[in-house]
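All remarks here apply to the structure that follows.
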Amino acid sequence: MFQGDSPIAPELLNDWIEVQSKLKKKLVTEDDFKWKVGTKIEGGDSCQVLKYIGGVDLSLWKEDSSVACATLVVLELKTLEIVYQDSSVVRLSVPYVPGFLAFREAPVLLELLDKMKASSHPFYPQLLMVDGNGILHPQGFGLACHLGVLANIPTIGIGKSLHHVDGLSKSTVRERFEMDGNSSQDIIPLVGDSGQTLGAALLSTRGSSKPIYVSIGHRISLAVAIDIVKLSCKYRVPETIRQADIKSRQYLQNSRLIFKGKVTGNAL
DNA sequence: GCGACAG
DNA sequence: ATCTTGTCGC
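So, in structure tokens, the structure goes:
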């Protein structure tokens, strides 16, 4: 707990807003990578193909939401099988504040990325999917952007619920889907009142009515981000995020049992 | 003043 | 995030 759930000091909030606006200046909103998506093999083209995609997520300890397990997984895009995974149980230093998720979750996730990069691991992801929004955010700089800039890696933000921003609401999204009901689109752009396209709502599973919200994090375009998300969806949530969620939950569960002395030995 | 508010 | 079983449907 954080001092009986007392609110964050207003001064700290100002600091956070300043950090966001400073980091935002480094944000790249276009494709900035050497690989290509898909299996197109062009003659004489020696460029790389997107092969390793990462996913990160946190699970919280229900008795104390300041205890969390952070997990990084890397999947092979072609098979969607896990080729790398690492978890870390930590005590979070700040509570969740809407719009400032990164200050709670980014530090641990960066550690996991740094650890993998420092060991020059061959499966270090070429792209990272993040459980949380990218530019679909009150300051246009959500967790996916934050992580992308600090780790200097292309990132995609995946929201499982809509963060109401720039006039966007669930009802507007629902209406937009029903609008072209005949063509039964599985994806619609999220254009805010400002006129900017902040992301897209995607019905990733056939016949599902609950969309996921895709927005760019760093060094990628929305169109390419959407292509990759579609390629990595076996279920509603992309496998990267889904597996990171499953593994972090499992790891936390095992840690809890050991902590309570109900298990001996190393079951992790 | 009241509600809304990623995870 | 987390609390949580069965149930309706392909």
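Numbering-wise (my numbering), the first sequence opens with residue 15 and increments by one. Each residue gets a CB set at the ideal place from its N, CA and C atoms; glycine is no exception.
Check                                                                                                                                                     : Outcome
Whole beta strand (DSSP E) runs in the region 167-235 with 3 or more residues, listed along the chain?                                                    : 169-173, 201-205, 211-216 and 226-232
Assuming the contact rule is C-beta atoms closer than 8 Å, M143 and D100 should be a hit. Round their C-beta distance to whole Å, please.                 : Contact flag wrong, Cβ pair sits at about 16 Å.
Sort out for me which residues DSSP pairs S102 with in a bridge.                                                                                          : A84
Assign D145 to buried or exposed, taking buried as 16 or more other Cβ atoms, counted over all protein chains shown, within 10 Å of its Cβ.               : buried
Relative to the alpha-carbon of S222, which residue among I201, Q34, S229 and A237 has its alpha-carbon at the smallest distance?                         : I201
Taking V251 as part of the alpha helix (DSSP H), name the residues at either end of that continuous run.                                                  : Run containing V251: none; DSSP gives neither H nor E here.
Apart from the five residues on each side of it in sequence, which residues of its chain come closer than 6 Å, Cβ to Cβ, to V205?                         : T211
Once you ignore the five residues that flank Y98 on each side, which residues in its own chain have a CB closer than 6 Å to its CB?                       : V88 and F137
Using only the alpha-carbon positions, how far apart do A158 and I31 sit?                                                                                 : 16 Å
For the alpha helix (DSSP H) containing I31, list its first residue and its last residue.                                                                 : P24 to K38
Whole angstroms is fine: what's the gap from S107's alpha carbon to N28's?                                                                                : 17 Å
Closest by CA to V51, which one among I260, S246 and P252?                                                                                                : S246
If you drop the 5 nearest sequence neighbours on each side, which residues of the same chain put their C-beta closer than 7 Å to that of K261?            : T85, V87, Q99 and S101
Quick one: Cα of L64 to Cα of E253, how far?                                                                                                              : 16 Å
State whether the region 71-84 contacts the region 152-166, with contact taken as three or more CB pairs (one from each stretch) at a distance under 8 Å. : no
List the residues that DSSP assigns as beta-bridge partners of K50.                                                                                       : V63
Between the alpha carbons of Q199 and I242, how many angstroms are there, rounded?                                                                        : 18 Å
Specify the secondary structure class of V111 as computed by DSSP and reduced to three states.                                                            : coil
Cα separation between F117 and V104?                                                                                                                      : 14 Å
Can you tell me the Cβ-Cβ gap for P139 and I234, rounded? I've got them flagged as a contact below 8 Å.                                                   : About 13 Å separates the two Cβ atoms, so there is no contact after all.
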